[in-house]
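Under our numbering, the first residue of the sequence shown is numbered 92, with each subsequent residue one higher. Ideal Cβ placement from N, Cα and C applies to all residues, glycine included. Computed from a predicted structure; not experimentally measured. Report on the structure given below.
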Amino acid sequence: MDIVFVSAEVAPYSKAGGLADVAGSLPQALAPYVDSVQVLTPLYGQIDRNKYDIQSSQTTGEIELGDDTIPYALHHTVADDKKTKIGFISCDRFFARDGIYTESDGEGFKDNNLRFFFFQLAVLDLITSGHISVEVLHCNDHHTGLLPLMMKIKMPHVKTIFTIHNFLYHGHFSTGDVNLLPDTVKPLLTTTQWGNHSALLEAIDHSDLVTTVSPGYALELLAGINVDEHSLARIQAIETHFSGIVNGIDTEYWSPEIDQYTPYHFSKDDLSGKQKNKEALLLKVGLSPDLEAPVFGSISRLVENKGFPLINELLDEYVSLGAKFIFLGSGSPDIAAELRDASRRHPQHIAFDDGFNEPLAHLIEAGSDMFLMPSRFEPCGLNQLYSLRYGTIPIVHRTGGLGDTVEPWTTDSGTGFVFEPYDLEALRKSMKTALKVYHSKTDWLSLVQRAMSMDFSWDQSARQYLHLYNL
Ligand code: GLC
Numbered sequence: 092m093d094i095v096f097v098s099a100e101v102a103p104y105s106k107a108g109g110l111a112d113v114a115g116s117l118p119q120a121l122a123p124y125v126d127s128v129q130v131l132t133p134l135y136g137q138i139d140r141n142k143y144d145i146q147s148s149q150t151t152g153e154i155e156l157g158d159d160t161i162p163y164a165l166h167h168t169v170a171d172d173k174k175t176k177i178g179f180i181s182c183d184r185f186f187a188r189d190g191i192y193t194e195s196d197g198e199g200f201k202d203n204n205l206r207f208f209f210f211q212l213a214v215l216d217l218i219t220s221g222h223i224s225v226e227v228l229h230c231n232d233h234h235t236g237l238l239p240l241m242m243k244i245k246m247p248h249v250k251t252i253f254t255i256h257n258f259l260y261h262g263h264f265s266t267g268d269v270n271l272l273p274d275t276v277k278p279l280l281t282t283t284q285w286g287n288h289s290a291l292l293e294a295i296d297h298s299d300l301v302t303t304v305s306p307g308y309a310l311e312l313l314a315g316i317n318v319d320e321h322s323l324a325r326i327q328a329i330e331t332h333f334s335g336i337v338n339g340i341d342t343e344y345w346s347p348e349i350d351q352y353t354p355y356h357f358s359k360d361d362l363s364g365k366q367k368n369k370e371a372l373l374l375k376v377g378l379s380p381d382l383e384a385p386v387f388g389s390i391s392r393l394v395e396n397k398g399f400p401l402i403n404e405l406l407d408e409y410v411s412l413g414a415k416f417i418f419l420g421s422g423s424p425d426i427a428a429e430l431r432d433a434s435r436r437h438p439q440h441i442a443f444d445d446g447f448n449e450p451l452a453h454l455i456e457a458g459s460d461m462f463l464m465p466s467r468f469e470p471c472g473l474n475q476l477y478s479l480r481y482g483t484i485p486i487v488h489r490t491g492g493l494g495d496t497v498e499p500w501t502t503d504s505g506t507g508f509v510f511e512p513y514d515l516e517a518l519r520k521s522m523k524t525a526l527k528v529y530h531s532k533t534d535w536l537s538l539v540q541r542a543m544s545m546d547f548s549w550d551q552s553a554r555q556y557l558h559l560y561n562l
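See below:
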């Protein structure tokens, strides 16, 4: 079986969020079980071609987009497993710039629709011209949402599967943009209730199978939670071939025993390294190295739906109880300003690093006691999985993948603190319980050890994808 996996971002080459982690690790987990796996993604200007040994190939093509004819070229490398091929599509006009989706100031590129139309047409061209052979085409998120329809028109025998990583992002495009697409595609598109088109919903309509990244989130979507009526009708129409498969993680890259970014290694049987990492972390972010103080870590895009309005309300109160907070992430300037203010008010207790910092992310996972992830909704979430592995106890809202992966604490079971409904009181209560357990050393130790015993490697989920590919 030949699998082609298409994604707008793939770690470690390009990363804006969790999609990249999945696109970087799932194909390698599938590789041992299939004939070939090839990942296709754009060659952004920021990708370091030398570092990843990305080679040019003879394969090139031209894409017609409206009145323009625009050339592309294929480049490749192999992933760490030496089996998974990574194909990069280059195009000066659309991908030579550094950003994946946005300018350096965070503003989305004006031509994003064109960029990803082009990308998808290039993928289609590579397949229809025979340069890439495929039996199952696995598309991810709206940047690849028109491919299932295009494949249905050109190569209906190829099976298409589409994974929704976040239903919030539709990739809306206008009727004007439609004119750029091939004539065969235009009449088959559906207009939304806003009079435009949604690449995400097109994928839902036209893929052979649709998945999302946790069973809990699949149920929420089918129940219409955070879904408008028009979209709901289109999801409910595919209920029989829609399912949720929880994401796995790369258990070597995120391993407390061998983590390349953390100064001290540890395991559930010897946690001394975790304490040393805690000290290193506090010093690194400029907080006083008080090892008794409970430390809450957070690594997140700074957006409302990750729960920042709630967290912000509770900071002063928990600092007065002796807690420390370390935030890493970028996004909304307003949320960044609030976190900066909080760290100025409490320079020994709150640290905020505005940006993307992979080594610090690993140190936060390794050195914090608890991980704050009170997302209003969360399709899967990966940081709570990394946290469990590092014995950093997650505090999560019971939603989507968070509810599926974190078991609520009781005196002798559970792996984290799970609250509902999504409001200040429920979060406050669960942080209170967390502090109480933290101060009871034996309860905390068994909680940490239970968390670290969980297995979120890809194997089980990869098997579920293989099952779908074979259906
Ligand atoms: C998106 C979702 C997140 C999920 C990730 C990978 O970023 O918001 O919940 O874990 O995709 O599937």
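H453: first and last residue of the uninterrupted beta strand (DSSP E) it sits in
Careful: H453 lies outside any beta strand (DSSP E), inside the alpha helix (DSSP H) at E449 to G458.
Do you know how far the Cα of D93 is from the Cα of Y124?
Cα-Cα distance, rounded: 10 Å.
Determine the contact status of L312 and T303, defining contact as a CB-CB distance below 8 Å.
yes
Have a look at E498 and K375 and give me their C-alpha separation to the nearest angstrom.
31 Å
In the DSSP assignment, what residue or residues form a beta bridge with P239?
Partner(s): none; P239 has no beta bridge.
Report the CB separation of Y192 from A107 in whole angstroms; it is logged as a contact under 8 Å.
6 Å
At what residues does the beta strand (DSSP E) containing I252 begin and finish?
K250 to I255
Coarse secondary structure for E348, derived from DSSP in three states
coil
Can we count V101 as close to the ligand GLC, meaning its CB is less than 7 Å from some heavy atom?
no
Please state the DSSP three-state secondary structure of I218.
helix
Taking P470 as the reference, give the member of N257, F418 and N287 with the closest Cα.
Per the Cα distances, N257.
Below 8 Å on the Cβ atoms is my contact criterion, and I expect T281 with D299 to pass it. Report the Cβ-Cβ distance as a whole number of Å.
T281 to D299, Cβ: 18 Å. No contact.
Taking buried to mean at least 16 other C-beta atoms within 10 Å of its own C-beta, is E100 buried or exposed?
A buried status is given to E100, since no fewer than 16 other beta-carbon atoms sit within 10 Å of its beta-carbon.
Is L300 near the ligand GLC, judged by its Cβ being under 7 Å from some heavy atom?
no
Going along the chain, which residues of its own chain have a beta-carbon closer than 8 Å to the beta-carbon of S148, five neighbours each way excluded?
A164, L165, H166 and H167
Roughly how many angstroms lie between the CA atoms of S531 and F508, to the nearest whole one?
Cα atoms of S531 and F508: separation of roughly 15 Å, rounded to the nearest angstrom.
Going by DSSP, what residue range makes up the beta strand (DSSP E) through H167?
D159 to V169
With a Cβ-Cβ cutoff of 8 Å, do M464 and V487 count as a contact?
In contact: M464 and V487 (Cβ atoms closer than 8 Å).
Counting C-beta neighbours from all protein chains within 10 Å, is the total for A442 16 or more, i.e. buried, or is it exposed?
buried
Residues near I402 by beta carbon distance below 7 Å, same chain, minus five either side
L463 and P465
May I ask whether a heavy atom of the ligand GLC can be found less than 7 Å away from the beta carbon of N257?
Yes, Cβ of N257 sits closer than 7 Å to a heavy atom of the ligand GLC.
Indicate whether the contact test is met: 3 or more Cβ pairs, each with one atom in the segment 421-441 and one in the segment 450-459, closer than 8 Å.
no
Just to confirm, does V113 get its C-beta within under 7 Å of one of the non-hydrogen atoms of the ligand GLC?
In this structure, the ligand GLC has a non-hydrogen atom nearer than 7 Å to the beta-carbon of V113.
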